Amino acid sequence: MVVEKGKKTINRLKSMYPLRAKVNETYLKSVEAIQAGKPAVWGMLNFYYGDPILKAMDIEVVYPENYGAIAAATGVAQQYLDRADAEGFPTHLCGYSLTTLGYASRMMKELNGQIPPEAPFGGMPKPLFLMSSAAICDARYKWFQALGRYMDAPVWPLEAPIPGIKEFFIEGYYDRMVKLGVKHLRDFVAFVEGMVGKKMDWDKLDKTANLMIEVNRVWHEVNELRKARPCPMHSRDFWSAMPAALFLAGDLEDSLRLYQDMYKEVKDRVNNHAGTILEEKYRLVFAELPPWHSLAFFDKLAERGWNFVIESVGYHPPIPIDLSKVSDPLERITKFSLQFLVGYYEDARKQDVLGGTTAYPYLKYAREWKCDGALLHPLISCRSASTHLPYVSDMLMEKLKVPSLSIEGDIVDLRLFNPEDALAKAEPFEETMEHYRKMRKQAGDDW
Amino acid sequence: MYFAGVDIGSTMTKVVLMDNSGNLLSAIKGPTGPEYRQLANEVMRQALEQASLQIDDISYIVATGYGRLNVPFADRQITELSCHARGVSSLFPNVRTAIDIGGQDAKCMKIDNGRLTSFVMNDKCAAGTGRFLEVTAATLGIRLEDMGDISLKATKKIQISNLCTIFAQQEVVALLSRGEKLENILAGLHDALASRIAALARRLGIKPDLVLTGGVAKNTGMVRAMKESLDCEIFVPEEPLLTGALGAAILAKETYMKAVAAGEALPTKSRRLEKATFFS
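Quick note, the sequences are listed as chains A and B, same order. With this note's numbering, the residue at position 290 of the first sequence is 733, and numbering never jumps. With this note's numbering, the residue at position 177 of the second sequence is 181, and numbering never jumps.
Spelled out as structure tokens, the structure:
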């Protein structure tokens with residue numbers, strides 16, 4: 444045990460803080476870039492596809508999705524949600540999109556392009572262009588088109604085909620995906636070159652791609668260590684530390700060093716049997732996007748002995764693959780990005796389950812991280828993070844006898860999440876987890 | 005030895021007293037009322053009076069329901085889901101699915117040998133709860149307890165398309181002004197509520213025997229609508245409001261007897277029947 448009674452319930456990793464600070468750094472750098480006459484871009488989470496290209500072109504990128512989470516976590520999202528409402532956007536749209544549409548409206552209509560003074564982390568400056576992405580999120584076109592209209596800036600949509608498991612194994616499918624991806628990235632490079640008025644430094648892109656892959660490999664290894672019992676790292680640390688790998692926030696060489704530091708700290712905890720919470724009674728997997736406005740909710744659950752040992756597949760790095768022999772950096776980037784989308788497919792096919800990108804991984808997580816239960820967070824305003832959850836719940840029960848608790852809420856809108864109601868369900872769910880723990884043991888499982 | 009279960013729901017407070025053989029000595033229910041959670045002492049006093057017992061005679065007390073944390077004389081708090089599961093199982097040993105529709109929520113429970121193994125509850129909205137019927141009864145100017153019997157006289161069911169309680173009220177008023185018969189509107193309302201709760205229950209996977217409890221189970225129209233929606237036989241306890249308190253009393257007895265058998269002394273609270281205070 445590493446946490447003393449009366450101290451904070453979750454013993455946060457020291458190595459997490461400098462990684463978390465990368466987010467602030469990114470936003471400040473983007474504002475500084477605009478002030479210095481350099482380009483800044485608004486990007487969607489694109490799973491390593493467009494980011495390395497922008498990074499190699501020295502373009503600062505900020506992420507409206509991430510900014511929606513920041514606005515929620517810092518308590519300023521509501522005024523942007525209200526503003527989006529007043530602009531006429533339906534309230535059931537994605538919480539991230541509403542927050543940033545409200546932000547864009549305030550910035551462009553009320554402040555004549557100036558960053559709102561209340562904006563956390565220095566705000567998002569007016570972008571040179573916007574880069575949306577087809578990976579996972581189905582709001583990609585309309586949300587960024589609307590933002591582009593407010594900002595009077597062009598929008599480049601990055602395309603990413605996401606096949607089903609059976610389709611993926613049609614002969615030649617993967618190669619055609621790679622070919623399409625590389626061609627699309629070449630067009631994107633040409634677009635970016637035209638926007639910033641300079642040519643791509645291909646050696647720099649090569650180095651950037653390799654660093655991105657290595658950063659994510661180390662980050663993957665950190666999360667593998669969390670299979671230890673007691674688990675040495677809580678989901679709250681994961682969410683805090685992920686942007687440097689997921690969004691490539693900050694300097695990549697520095698991020699690599701910081702993730703290596705984190706690996707050492709987590710490994711040290713494993714060696715010393717040091718858990719991240721006082722008493723790990725239940726190990727849980729969390730899906731999908733957390734209620735950013737109410738993260739303290741997890742501290743309450745930690746007090747009950749709930750340790751969140753694995754989470755949000757969409758935020759996890761791809762399973763490492765060897766791409767060292769792929770000489771073209773665009774092909775390497777494409778294959779790495781595709782690995783995020785299809786990296787679990789072979790396994791999922793063997794298990795005869797569906798949902799290789801977003802559903803199956805939870806089966807693997809629950810089995811390998813030895814989870815007693817799953818906390819599912821279907822979002823009222825997000826289809827992409829919600830529609831697979833009933834299937835996840837059924838699959839976990841059918842294949843592993845791991846029960847799920849579903850708590851509806853929202854990523855940004857505090858009004859749609861009721862932590863008291865959620866906590867009231869925690870106690871009976873413990874009884875459910877105990878019941879299935881006995882059943883698994885009777886069936887010969889080791890957890 | 006005597007044991008008590010106290011269930012403080014959003015609408016009703018219930019107390020069950022039993023002896024160490026499991027014989028029911030008294031079962032009392034009273035409105036929780038606006039003094040919500042402060043009146044457990046009053047309902048307990050009535051229950052003791054009915055059983056000719058004093059509060060000091062009670063060996064162990066379990067509180068459950070939304071107000072369970074505000075019963076100063078309760079020795080232990082247990083969630084209403086666990087208590088309902090135990091209470092229903094004691095009345096219907098073959099129960100596998102229980103649906104409790106109370107004033108504030110609807111709970112669907114999967115039960116195995118008296119143990120809660122899984123559950124789902126409605127989220128944040130009054131549309132799947134007894135409140136939906138309360139509000140509608142008030143809008144229509146009829147007594148809540150008459151709604152079910154009136155609806156059984158329906159010659160057809162009027163479809164209620166709004167699931168939101170407030171909008172459904174408006175729809176009901178509009179239907180009345182259009183000349184639709186009250187019984188037909190009520191049959192439609194029960195149908196709307198039943199199909200919503202049935203969808204919730206199906207998430208669990210319904211297995212017989214299925215038992216319906218909670219205040220709404222006293223509504224004959226709702227019981228019929230639930231049977232039609234779920235297409236299965238539904239059992240209703242004689243007193244469907246008391247299963248939570250009954251389960252709490254059973255768990256009080258079990259907890260106490262287990263401790264006695266192990267030679268352990270259980271900590272108990274002061275047996276003074278006082279109001280709960282929130283600001284001291």
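We put the CB at the ideal spot given by N, CA and C, even for glycine. Keep in mind the model is a prediction, meaning the values are calculated, not measured.
Buried versus exposed, by CB contacts within 10 Å (16 or more), residue i
i: residue 656(A); result: buried
i: residue 97(B); result: exposed
i: residue 785(A); result: buried
i: residue 885(A); result: exposed
i: residue 696(A); result: exposed
i: residue 767(A); result: exposed
i: residue 612(A); result: exposed
i: residue 897(A); result: Here chain A has residues from 444 to 890 only, and residue 897(A) is not among them.
i: residue 485(A); result: buried
i: residue 174(B); result: exposed
i: residue 588(A); result: exposed
i: residue 489(A); result: buried
i: residue 560(A); result: exposed
i: residue 414(A); result: With chain A running from 444 to 890 in the structure shown, residue 414(A) is simply not present.
i: residue 795(A); result: exposed
i: residue 812(A); result: buried
i: residue 826(A); result: exposed
i: residue 879(A); result: buried
Helix, strand or coil at residue i [DSSP, three-state]
i: residue 692(A); result: coil
i: residue 218(B); result: coil
i: residue 121(B); result: strand
i: residue 630(A); result: helix
i: residue 151(B); result: helix
i: residue 587(A); result: helix
i: residue 778(A); result: helix
i: residue 750(A); result: strand
i: residue 458(A); result: coil
i: residue 668(A); result: helix
i: residue 503(A); result: strand
i: residue 17(B); result: strand
i: residue 725(A); result: strand
i: residue 600(A); result: strand
i: residue 58(B); result: coil
i: residue 735(A); result: helix
i: residue 1(B); result: Coverage of chain B is limited to positions 5 through 284, which leaves residue 1(B) absent and any answer about it impossible.
Contacting residues, own chain, Cβ-Cβ under 6 angstroms from residue i (five flanking each side not counted)
i: residue 652(A); result: 495, 772, 775 and 776
i: residue 180(B); result: none
i: residue 194(B); result: 155, 225, 226 and 229
i: residue 196(B); result: 164
i: residue 492(A); result: 601 and 780
8 angstroms CB neighbourhood of residue i in its chain, flanking five on each side removed
i: residue 6(B); result: 21, 22, 23, 24, 29, 55, 57, 61, 62 and 63
i: residue 43(B); result: 17, 34, 36, 37 and 279
i: residue 270(B); result: 64, 79, 259, 260 and 263
i: residue 153(B); result: 224 and 225
Close Cβ partners of residue i (< 7 angstroms) along its chain, the five nearest in sequence each way excluded
i: residue 668(A); result: 675, 709, 710 and 713
i: residue 227(B); result: 216, 221, 238 and 240
i: residue 73(B); result: 81
i: residue 583(A); result: 487, 575, 576, 577 and 600
Residues in the region 874–887 of chain A having any Cβ partner in chain B nearer than 7 angstroms
874, 875 and 878
Which residues, in chain order, does the region 115–148 of chain B contribute to contact with chain A at a C-beta distance below 9 angstroms?
116, 119, 120, 121, 122, 123, 124, 125, 127 and 128
Closer than 7 angstroms, Cβ to Cβ, to anything on chain A: give me those residues from the region 67–83 of chain B, in chain order.
83
Please identify, using Cβ separations under 9 angstroms, the residues of the region 602–625 of chain A that lie next to chain B, in order along the chain.
none
For the region 871–880 of chain A and the region 70–88 of chain B, state whether three or more C-beta atom pairs, one from each stretch, are separated by less than 8 angstroms.
yes
Assess contact between the region 144–161 of chain B and the region 201–218 of chain B, defined as three or more Cβ pairs (one per stretch) separated by less than 8 angstroms. Is contact present?
no
Relative to chain A, which residues along the region 82–115 of chain B have a C-beta separation below 7 angstroms, given in chain order?
83, 85 and 86
So, does the region 644–651 of chain A touch the region 672–687 of chain A, judging by three or more C-beta pairs under 8 angstroms?
no
Are at least three pairs of beta-carbons, each pair with one atom in the region 792–812 of chain A and one in the region 833–846 of chain A, less than 8 angstroms apart?
yes
Decide if the region 742–750 of chain A is in contact with the region 519–533 of chain A; the criterion is three or more beta carbon pairs, one per stretch, under 8 angstroms apart.
no
Please confirm if the region 860–868 of chain A is in contact with the region 824–838 of chain A, defined as three or more CB-CB distances below 8 angstroms between the two stretches.
no
Determine contact between the region 500–510 of chain A and the region 628–640 of chain A, defined as no fewer than three beta-carbon pairs at a distance below 8 angstroms.
yes
Across the region 597–613 of chain A and the region 502–511 of chain A, are there enough close Cβ pairs to call them in contact, namely three or more that are closer than 8 angstroms?
no
Any residues in the region 763–774 of chain A with a beta carbon nearer than 7 angstroms to a beta carbon of chain B? Which ones, in chain order?
none
By the 9 angstroms beta-carbon criterion, what residues does the region 729–745 of chain A contribute toward chain B?
none
So, do the region 506–517 of chain A and the region 730–737 of chain A have three or more beta carbon pairs nearer to each other than 8 angstroms?
yes
Kindly confirm or deny that the region 189–209 of chain B and the region 159–166 of chain B touch, where touching means at least three C-beta pairs closer than 8 angstroms.
yes
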